[in-house]
Amino acid sequence: MEQPESTRLLLVEDDEMFAEEFSAYFAAHGFAMGVSKSIGEALSALAAHDTDLVILDQFLRDGESLSRIHDIQQPFPVAS
Numbered sequence: 192m193e194q195p196e197s198t199r200l201l202l203v204e205d206d207e208m209f210a211e212e213f214s215a216y217f218a219a220h221g222f223a224m225g226v227s228k229s230i231g232e233a234l235s236a237l238a239a240h241d242t243d244l245v246i247l248d249q250f251l252r253d254g255e256s257l258s259r260i261h262d263i264q265q266p267f268p269v270a271s
């Protein structure tokens with residue numbers, strides 16, 4: 192029997208230890224995980240993979256993510 196496709200999460204987090212633990216936890220619960228360390232990496236990952244949910248660290252090395260969220264929303268609009 193074929194397994195249904197996993198929900199894909201993208202974690203945008205520059206703290207490597209936190210990102211590893213978070214990813215391991217959700218992967219163990221059946222989620223497909225992607226991790227990006229910056230908004231730039233996140234945009235590349237979103238272009239390469241269908242993603243169901245993006246989880247952003249508020250403060251990243253390449254800027255405050257809340258001020259850059261429009262960079263993600265423009266090419267990948269939020270479902271209503």
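Numbering (the numbering used here), first residue to last: 192 to 271.
Glycine included, C-beta positions come from ideal geometry on N, C-alpha and C.
Cβ separation of residue i and residue j, assumed to be a contact under 8 Å, to the nearest whole Å
| i | j | result |
| --- | --- | --- |
| Q234 | I263 | Here residue 234 turns out to be Leu, not Gln, going by the sequence shown. Indeed, because the Cβ distance is near 7 Å, the residues count as touching under 8 Å. |
| L201 | L237 | 7 Å |
| F213 | T198 | With 8 Å as the limit, F213 and T198 do not qualify as a contact, their Cβ atoms being about 15 Å apart. |
Residue i: first and last residue of the uninterrupted beta strand (DSSP E) it sits in
| i | result |
| --- | --- |
| G225 | A223 to S227 |
Range of the contiguous alpha helix (DSSP H) that encloses residue i
| i | result |
| --- | --- |
| S151 | Nothing can be reported for residue 151, as the shown portion of the chain is limited to 192 through 271. |
| E232 | I230 to A239 |
Cβ-based burial, residue i [other Cβ within 10 Å; buried from 16]
| i | result |
| --- | --- |
| E204 | buried |
| I230 | buried |
| M208 | exposed |
| E193 | With a pLDDT of only 46 at E193, under 50, the local geometry of the prediction cannot be trusted, and the value read off the model is given with reservation. By the 10 Å Cβ count, E193 comes out exposed. |
| D253 | exposed |
Beta bridge counterpart(s) of residue i as assigned by DSSP
| i | result |
| --- | --- |
| R199 | A223 |
| I246 | L202 |
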